[in-house]
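**Q** Dropping the structure in here first, questions after.
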Amino acid sequence: MHYADNVDYPRLLSRPSIYIPGLAILFGILLYAQAGATSLGQALAGLFGLAEGSPLMANLLVALVITAVVAINIAVVMRLSLRHQVYAVWVELALLVLLFFYSFDLSFEFIRRKIGFLLTQGLVTTLYVSAVSIFIASILAMIGAIAKLSSNGIALGIANFYTSLFRGLPLLMQIYMIYLGLPQLGYVINAVPAGILALSLCYGAYMTEIFRAGIESIPKGQWEASRALGLKPKDTLTRIILPQAMRIIVPPTGNQFIAMLKDSSLVSVVGVWELMYLARTQGQTEFRHVEMMITASLIYWILSIVLELIQARIERRFNKAQVR
Amino acid sequence: MIRSKKLPLVEMPPRPMEAVPAVEIRNLSKWYGSFQALKDVDLTIARGEKLVICGPSGSGKSTLIRTVNALESFQEGRIVVDGIELTRKPEAVEAVRKKVGMVFQQFNLFPHLTVLENCTLALRLVRGVSQKEAEEKALHYLGKVRIPEQAHKYASQLSGGQQQRVAIARALSMQPDIMLFDEPTSALDPEMVKEVLDTMTQLAGEGMTMAVVTHEMGFARQVADRVVFMDRGEIVEQGTPSEFFSNPKELRARTFLSQILH
């Protein structure tokens, strides 16, 4: 949209040379994958009285029906405005994902029984661990970035080593090393602080690089103008450079926040009762693993969507001076 | 004007105006690696003097004025600004930067702040002026450069000429004794050059000490007390505008003038 040219090229999906071969390929794939043998295929075949017929007929029929549905769907959606196209595609894909989950023959009664605990204990712990870790990671990242840009050899050395080590080791290993390793030094650490420490250190290392790149992206002239006006280095950084760097820093940091939200599930290995741990353990007693996993997945997804929306708001805020 | 208590040099009893030049540069040399950017430069700028520095690109003219407020370092020689010896010590640099205002080729306005905030930020943080007083002062100088009505816009909403005038007002808000201009009109569209030069001419008329790196020879003729011609890191020739333009002595100066005056 931002980069659209002022030329009305024929739309890709409205060209017969794309549309028809595309549908033919879809039909071929469905046929090759024996669409008639799937649960959806069986239901469709039954509808047409072909349940006991030859598998080939069932495959042909099901592939044909699905291809026709897709063809009609594309033709309809192409007629909508851009905004409505996006909404329509979003809703359709979300329904397909939910349908996929629904096909597992889930016990909703079991989910209803367990979801309260999953939310009050699991979600709350996940949010708490993530929020504290994100906060500490941001502080570490700011310190790391400033150290990396300083001319202090000791600070530079520590920051370089820090980002190298904590970006280089698997997060799972860091969690184990902190939870099981620190007691070797005589300092016994609980599971939740260990998890928070590992997540903060790991994400602080990634975000150090984001913050550094953001600060470096601000033109040298901004530093020079600040210095010529007599601003102290601290004021130059906090009043001039960082507010501008935030525009560059926010999008990848939002990415990191979402990634951390889900990586917080790794602290379940040391027995923190967060969302993933509860999803695994609550399902065990009644062999209802799938119900719990899918419920947890959907909760993670909803959380990510909320974070995406917050990120979009923050981006708009820092972009205000760029509007022409 | 608030002066730092820590600085005995600034607190010296006032001497007669002529005794302390605004800027005194002695035997200044600067190297970028093995390339010598400034070669043994001697230059004194008197109080109230309007100096124009010209020369071909790469001659060291920008580098020279940027050493005056410590935006560039130097290896040999000395610079004394209004009696303050410019060293690398924080107190010395802070004291010099309080006396020297600078205007850049690329304006370097702060894009995340409004025009007014651009002018008040340093007043509040460096001079410790209250918000209200800083805004009054900033609006006074925005009025002088004739754009008070743009005070609440962002720099990106202004034309190049307006942006450069805001940059001048921002520097003036700090009430410097000396103003440095580093090619202030080189990045402007032709029709906006005049409004910036007019502002500078007006400032010169008010007695400000000015060092201007520029190719605007009309401005030099009209406003400058002295023209300095630099080439390859050294001052080749200097004199009053009428001497320099009508009868340049050095071949390099003649060549330069014939090239830029067409």
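For the record, the sequence lines run as chains A and B. Under our numbering, the first residue of the first sequence is numbered 1415, with each subsequent residue one higher. Under our numbering, the first residue of the second sequence is numbered 329, with each subsequent residue one higher. Note that beta-carbon positions come from the ideal geometry of N, C-alpha and C, so glycine has one too.
#1: Give, in chain order, every unbroken run of the beta strand (DSSP E) that is at least 3 residues long and sits entirely within the region 377-435 of chain B.
#2: Which residue comes first and which comes last in the beta strand (DSSP E) that contains B:V555?
#3: Between the region 1610-1638 of chain A and chain B, which residues of the former have a C-beta closer than 7 Å to a C-beta of the latter?
#4: Using the Cβ count rule (16 or more neighbours within 10 Å means buried), how would you classify A:N1487?
#5: Could you pull the DSSP bridge partners for B:M538 from this structure?
#6: Nearest to A:Y1590 by CA position, among A:S1578, A:I1603, A:R1581, is which residue?
#7: Please tell me whether B:A466 and B:S514 are closer than 8 Å, where the distance is taken between their beta carbons.
#8: Just confirm the distance between the C-beta atoms of A:V1543 and A:A1605, as a whole number of angstroms; I'd bet it's less than 8 Å.
#9: Could you check whether B:V409 and B:K427 sit closer than 8 Å to each other, using their CB atoms as the reference points?
#10: Taking 8 Å as the CB-CB cut-off, is A:N1733 touching chain B?
#11: Can you find the residues in the same chain that come closer than 6 Å, C-beta to C-beta, to A:M1706, ignoring five residues on each side of it along the sequence?
#12: In chain A, which residues lie with their C-beta within 8 Å of the C-beta of B:M502?
#13: Flag B:E511 as yes if its beta-carbon sits less than 8 Å from any beta-carbon of chain A, otherwise no.
#14: Can you tell me whether A:T1540 is buried or exposed, with buried defined as 16 or more other CB within 10 angstroms of its CB?
#15: Indicate whether the contact test is met: 3 or more Cβ pairs, each with one atom in the region 1517-1524 of chain A and one in the region 1672-1683 of chain A, closer than 8 Å.
#16: Buried or exposed for A:E1722, going by 16 or more other Cβ atoms inside 10 Å?
#17: Applying the 10 Å Cβ sphere with the 16-neighbour rule, what's the burial state of B:E377?
#18: In the structure shown, what three-state DSSP assignment does B:V351 receive?
#19: Under the three-state reduction of DSSP, which class applies to B:K358: helix, strand or coil?
#20: How should B:F363 be labelled, buried or exposed, when 16 other C-beta atoms within 10 angstroms of its C-beta is the threshold for buried?
#21: List the residues of chain B whose Cβ lies closer than 7 Å to the Cβ of A:D1649, in chain order.
#22: CB A:A1659 to CB A:G1628, shorter than 8 Å?
#23: For chain B, check one thing: does any of its Cβ atoms lie closer than 8 Å to the Cβ of A:I1654?
#24: Looking at chain B, is there any beta carbon in it that lies within less than 8 Å of the beta carbon of A:P1657?
#25: Considering B:K367, what are the terminal residues of the beta strand (DSSP E) in which it resides?
#26: Which residues in chain A sit within 7 Å of B:Q434, going by Cβ to Cβ distance?
**A** The relevant details are as follows:
#1: Fully enclosed beta strand (DSSP E) runs of 3 or longer: 378-382, 404-409, 428-431.
#2: Along the second sequence, one-based indexing puts residue 555 of chain B at 227. 554-559 is the extent of the beta strand (DSSP E) around B:V555.
#3: Of all residues in the region 1610-1638 of chain A, only G1635, Q1636, E1638 come within less than 7 Å of chain B when Cβ atoms are compared, listed by chain position.
#4: In the first sequence, counting from the first residue as 1, residue 1487 of chain A sits at position 73. A:N1487 is exposed by the Cβ-count criterion.
#5: For the purposes of this step, residue 538 of chain B is taken as the residue at position 210 of the second sequence. DSSP lists B:K378, B:M507 as the beta-bridge partner residues of B:M538.
#6: Position 176 of the first sequence, counting from 1, holds the residue named residue 1590 of chain A. Minimum Cα distance to A:Y1590 is reached at A:I1603.
#7: Sequence index remark: in the second sequence, residue 466 of chain B carries index 138 (1-based). Sequence index remark: in the second sequence, residue 514 of chain B carries index 186 (1-based). Cβ atoms of B:A466 and B:S514: not closer than 8 Å.
#8: Counting from one through the first sequence, the residue named residue 1543 of chain A turns up at place 129. Counting from one through the first sequence, the residue named residue 1605 of chain A turns up at place 191. Between A:V1543 and A:A1605 a beta carbon distance of about 10 Å is seen, past the 8 Å cut, so the two are scored as non-contacting.
#9: If you number the second sequence from 1, residue 427 of chain B lands on position 99. If you number the second sequence from 1, residue 409 of chain B lands on position 81. Yes, these two residues count as a Cβ contact at 8 Å.
#10: Along the first sequence, one-based indexing puts residue 1733 of chain A at 319. It does not: the Cβ of A:N1733 has no partner Cβ on chain B nearer than 8 Å.
#11: Residue numbering aside, residue 1706 of chain A sits at position 292 when the first sequence is read from its first letter. A1693, Q1696, G1697, listed in sequence order.
#12: Translated into positions along the second sequence, residue 502 of chain B becomes position 174. Ordered by position in chain A, the residues that pass the 8 Å Cβ test against B:M502 are L1643, G1644.
#13: Reading the second sequence from its first residue, position 183 is the one you call residue 511 of chain B. So, not an interface residue.
#14: As a position in the first sequence, residue 1540 of chain A is number 126, starting the count at 1. Buried, because 16 or more other Cβ atoms sit within 10 Å of the Cβ of A:T1540.
#15: No, the region 1517-1524 of chain A does not touch the region 1672-1683 of chain A.
#16: Residue 1722 of chain A sits at position 308 when you count from the first residue of the first sequence. Exposed is the call here.
#17: Within the second sequence, residue 377 of chain B is the residue found at index 49, counting from 1. That one is buried.
#18: Translated into positions along the second sequence, residue 351 of chain B becomes position 23. Three-state result, B:V351: strand.
#19: One-based indexing of the second sequence puts residue 358 of chain B at position 30. The answer is strand: DSSP assigns B:K358 an E or B state.
#20: As a first step, residue 363 of chain B must be located in the second sequence, where it is residue number 35. That one is exposed.
#21: The residue you call residue 1649 of chain A lines up with position 235 of the first sequence. Result: L453.
#22: Residue mapping note: residue 1659 of chain A aligns to position 245 of the first sequence, counting from 1. Residue mapping note: residue 1628 of chain A aligns to position 214 of the first sequence, counting from 1. Cβ atoms of A:A1659 and A:G1628: closer than 8 Å.
#23: For the purposes of this step, residue 1654 of chain A is taken as the residue at position 240 of the first sequence. Closer than 8 Å to some Cβ of chain B, the Cβ of A:I1654 qualifies, so yes.
#24: The sequence position of residue 1657 of chain A within the first sequence is 243, counting from 1. Judged by the 8 Å Cβ criterion, A:P1657 is in contact with chain B.
#25: Locating residue 367 of chain B in the second sequence gives position 39, counting from the first residue. That run of the beta strand (DSSP E) goes 363-373.
#26: Residue mapping note: residue 434 of chain B aligns to position 106 of the second sequence, counting from 1. Neighbours of B:Q434 on chain A, chain order: G1635.
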